[in-house]
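Worksheet: the structure to be examined is printed underneath.
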């Protein structure tokens with residue numbers, strides 16, 4: 001076993017201001033093994049890779065390479081050891097030939113000049129070894145993205161590389177090219193070179209990987225051999241939130257009246273062809289993986305980002321929303337997922353935060369803000385939502401996360417909106433405050449407000465929503481209704497899979 | 001036990017007052033110090049003198065306070081002042097009203113240009129206003145053909161800068177009136193609330209339906225307007241007006257605003273603070289004169305004062321954050 005192991009990362013931790021990106025992550029890789037690293041955006045995959053390739057320094061933990069403890073302080077250290085990383089953006093020089101790129105900085109020389117013949121021959125050798133049909137003399141700029149990746153792999157191998165790290169290599173290449181890539185990876189494997197493969201395309205992982213390691217919130221949640229897993233297991237590990245500990249009181253009904261309708265909303269590279277309706281008093285959930293495009297859709301509806309095409313109807317009438325002021329005028333309010341930087345002004349008091357949408361209504365005859373009315377408004381909100389603060393003048397930055405969130409909600413409520421967008425309203429707040437916010441959302445819906453609820457917590461979607469829209473890669477894959485909103489249905493629509501999940505995992 | 005709690009409470013209150021009124025305390029102590037050091041300091045004549053010396057700076061500092069609260073800065077005010085003054089003087093043949101209208105028109109136009117570039121185009125305010133500063137000075141030079149313009153305005157004009165009403169300089173009354181009006185507006189108006197919001201957190205302001213470009217834009221127009229008003233006081237005290245390319249006004253005005261405690265990182269400050277900063281600046285300048293400190297040293301002292309003010313600003317910002 002000892003001689004099989006090429007790399008061990010032990011108890012790696014990394015802290016960035018405000019987040020613990022990695023917590024005691026350990027990884028072990030054998031010679032010729034393909035290890036798939038999966039997890040949602042922000043799970044810590046990239047951080048781990050950057051530590052391995054010397055871009056970041058680890059806070060604690062050790063790296064053992066070929067049985068010896070090593071320190072990787074700099075990208076050059078990693079390359080020196082034989083660890084090559086291929087990022088999503090190619091690092092090849094577009095103007096140079098394939099051969100020049102492979103031997104960049106160490107071109108074979110003859111009489112003080114580049115020995116073109118030898119360079120092209122050696123490059124061609126490496127390429128054909130991998131079964132890559134590219135001419136070494138060709139210019140890299142003329143190659144497709146996939147072909148450029150192949151060149152990068154060839155380049156990496158020319159360095160006597162022992163581990164190749166690939167960061168989402170298939171993100172922007174075709175299925176056919178993916179097949180080709182897998183062939184190359186298998187060839188690399190035969191040469192006893194190891195691969196760390198990052199992707200969230202489960203289908204591919206099951207084709208190519210030997211081992212799957214799942215990261216969530218900076219921690220390893222599972223590391224298993226591929227034979228012991230199916231796709232649903234992996235998804236469960238990726239999303240991995242407790243199921244079934246909240247509310248399933250859906251005794252209230254929403255009305256028939258359609259408050260809001262989105263028709264074929266598009267924003268380039270973010271989302272495409274988004275159409276849905278929202279009824280009066282309805283809670284419409286938006287589920288999907290982090291990074292699927294849910295937040296982007298909401299931001300565009302609220303006028304914070306521009307729509308490339310598509311129409312929005314409010315109460316059956318077409319509405320033009322080109323900025324957030326338009327959206328607010330149309331009765332839409334928005335609680336951003338970025339509470340700290342977007343839904344609350346930290347340096348403002350609770351009062352000033354709550355009144356900010358209502359300044360015009362608080363105007364006195366002289367055009368000033370009626371501060372007595374403003375204070376009454378804030379006092380009422382603090383009481384209604386039981387915001388815990390010493391006074392209405394307390395600065396928002398001194399409040400706990402839950403109370404800040406309540407303040408953000410109070411700000412929207414004071415405006416009596418007809419439509420409310422809530423983006424991850426319970427992210428990172430304590431259980432008590434979470435419950436309060438849940439019942440508040442229900443009360444609101446009950447009073448006739450239409451609610452768009454973006455949430456990555458499945459129980460929240462299952463327990464709260466009348467209907468749930470599932471978004472994947474910027475498109476709606478499914479709209480589930482009532483009893484059909486189940487963990488399995490949501491997951492199946494949220495992740496690209498190849499096999500029928502329900503049939504394979506049916507004991508639940 | 002309650003005695004200890006009370007004493008802690010008192011200590012805390014004292015600390016809060018001390019930190020929120022640091023500049024006032026420094027001002028009062030420097031006045032006290034100067035009174036001992038120089039018998040000429042605490043005389044009515046000298047105090048009025050201080051006001052006359054800082055009047056032009058003070059009026060421009062009002063506009064600068066607005067701009068800095070909106071997280072901007074305006075380095076073009078010296079050039080703008082020259083241009084407003086020259087245009088105003090060129091209008092003097094048509095009467096005092098024309099001077100007033102001319103200066104205000106030009107100031108507003110300059111502010112509109114700065115505001116467009118910073119607010120709408122989102123160009124870096126330091127670089128943009130450095131650029132427009134040169135443009136304004138050049139325009140003033142071209143318009144005046146580089147020559148001095150003799151001030152031949154009617155009495156009503158010089159009344160501003162030089163005369164007294166009931167023994168009080170008109171300038172002092174004017175300054176107090178401007179600070180009061182602009183100060184109340186800054187603390188109570190809807191526009192000002194939005195300006196603070198944009199200065200503190202532009203993203204959150206945008207998400208609250210505030211058109212941040214417009215808010216920032218307006219703050220530069222306010223600056224232009226106050227520079228125009230300052231140009232009237234400036235020219236009323238002079239016999240001839242000449243474009244001076246190197247004027248220390250920008251430097252002094254920013255020192256005054258920061259000295260008062262308005263934060264350069266935006267969203268925090270008030271005109272009350274700027275007023276304290278103005279008087280403190282005036283006292284320091286006056287003290288250096290009374291104590292016959294050579295000009296070259298005066299410049300160094302001013303520089304050190306600005307640096308201390310900025311350092312203190314950073315210190316108090318961190319304090320606010322941690323509280």
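Residue numbers (our numbering), protein chains in the order written: chain P, 1 to 508; chain R, 1 to 323. Note that CB positions come from ideal geometry on N, CA and C, so glycine has one too.
Boundaries of the beta strand (DSSP E) in which residue i is found, first to last residue
i	result
residue 161/P	Element bounds for residue 161/P: n/a, residue is neither H nor E.
residue 8/P	5-16
residue 216/P	211-216
residue 310/P	309-314
residue 380/P	Here residue 380/P belongs to no beta strand (DSSP E); instead the alpha helix (DSSP H) covers 371-384.
residue 468/P	467-472
residue 421/P	419-423
residue 480/P	475-481
residue 454/P	450-454
residue 167/R	Per DSSP, residue 167/R belongs to no beta strand (DSSP E) and is neither H nor E.
residue 268/R	That residue, residue 268/R, is in no beta strand (DSSP E); it is neither H nor E in DSSP.
residue 207/R	Note, residue 207/R: premise wrong, no beta strand (DSSP E); alpha helix (DSSP H) at 202-207.
residue 286/P	283-287
Helix, strand or coil at residue i [DSSP, three-state]
i	result
residue 320/P	coil
residue 124/R	coil
residue 309/R	helix
residue 412/P	helix
residue 393/P	coil
residue 272/P	strand
residue 515/P	Within the shown structure, residues of chain P are numbered from 1 to 508, placing residue 515/P beyond reach of any answer.
residue 192/P	coil
residue 292/R	coil
residue 356/P	coil
residue 13/R	helix
residue 244/P	Low confidence applies here, because residue 244/P scores a pLDDT of 43, under 50, leaving its location unreliable; read the following figure in that light. Three-state result, residue 244/P: coil.
residue 198/P	strand
residue 204/P	helix
residue 388/P	coil
residue 436/P	helix
residue 306/P	coil
residue 20/P	strand
residue 36/P	strand
residue 365/R	Residue 365/R is absent from the model: chain R starts at 1 and stops at 323.
residue 277/P	strand
Presumed contact (8 Å Cβ cut-off) between residue i and residue j, rounded CB distance
i	j	result
residue 10/P	residue 54/P	Not quite, the Cβ-Cβ distance comes to about 17 Å (not below 8 Å), so this is no contact.
residue 83/R	residue 136/R	5 Å
residue 219/R	residue 67/R	5 Å
residue 291/R	residue 38/R	7 Å
residue 324/P	residue 302/P	6 Å
residue 476/P	residue 260/P	That belief does not hold up - the Cβ atoms of residue 476/P and residue 260/P are roughly 15 Å apart, past 8 Å.
residue 304/P	residue 207/R	6 Å
residue 34/P	residue 185/P	6 Å
Limits of the alpha helix (DSSP H) - the one that residue i falls within
i	result
residue 182/R	170-188
residue 219/P	Segment 219-225 is the beta strand (DSSP E) holding residue 219/P; no alpha helix (DSSP H) there.
residue 261/P	Here residue 261/P belongs to no alpha helix (DSSP H); instead the beta strand (DSSP E) covers 258-267.
residue 493/P	487-494
residue 231/R	212-236
residue 171/P	Looking at the DSSP string, residue 171/P is not in any alpha helix (DSSP H), and its letter there is neither H nor E.
residue 345/P	Where residue 345/P is concerned, there is no enclosing alpha helix (DSSP H), given that its DSSP letter is neither H nor E.
Within the stretch 52-139 of chain P, note down every full alpha helix (DSSP H) run reaching 4 residues or more, in order along the chain. Counting only runs of 4 or more, we get 75-81, 98-102, 116-129.
Are the stretch 175-190 of chain R and the stretch 199-216 of chain R touching, with three or more C-beta to C-beta distances below 8 Å? no
Return the chain-ordered ranges of every alpha helix (DSSP H) run that is complete within the stretch 89-155 of chain R and spans a minimum of 4 residues. 96-115, 125-144
Counting beta carbon pairs with one atom in the stretch 230-240 of chain P and one in the stretch 258-269 of chain P, are three or more of them shorter than 8 Å? no
Segments of 4+ residues assigned as alpha helix (DSSP H) that fall wholly inside the stretch 28-70 of chain R: 44-69
Would the stretch 254-271 of chain R and the stretch 104-121 of chain R be scored as touching if the rule is three or more Cβ pairs under 8 Å? no
Touching or not, the stretch 289-302 of chain P and the stretch 371-382 of chain P, by the rule of three or more beta carbon pairs under 8 Å? Using a Cβ-Cβ distance cut-off of 8 Å, the stretch 289-302 of chain P and the stretch 371-382 of chain P are not in contact, since fewer than three pairs of beta carbons, one from each stretch, lie closer than that value.
Counting beta carbon pairs with one atom in the stretch 132-150 of chain P and one in the stretch 88-100 of chain P, are three or more of them shorter than 8 Å? These segments touch.
With a cut-off of 8 Å, do at least 3 Cβ pairs link the stretch 435-448 of chain P to the stretch 340-354 of chain P? no
I want to know whether the stretch 186-194 of chain P touches the stretch 101-110 of chain P - three or more CB-CB distances under 8 Å. no
If contact is defined by three or more beta carbon pairs under 8 Å, each pair taking one atom from either stretch, is the stretch 77-96 of chain R in contact with the stretch 115-125 of chain R? no
Check whether the stretch 277-287 of chain R touches the stretch 52-61 of chain R, taking contact to mean three or more Cβ pairs, one atom from each stretch, closer than 8 Å. yes
Please confirm if the stretch 33-47 of chain R is in contact with the stretch 231-239 of chain R, defined as three or more CB-CB distances below 8 Å between the two stretches. no
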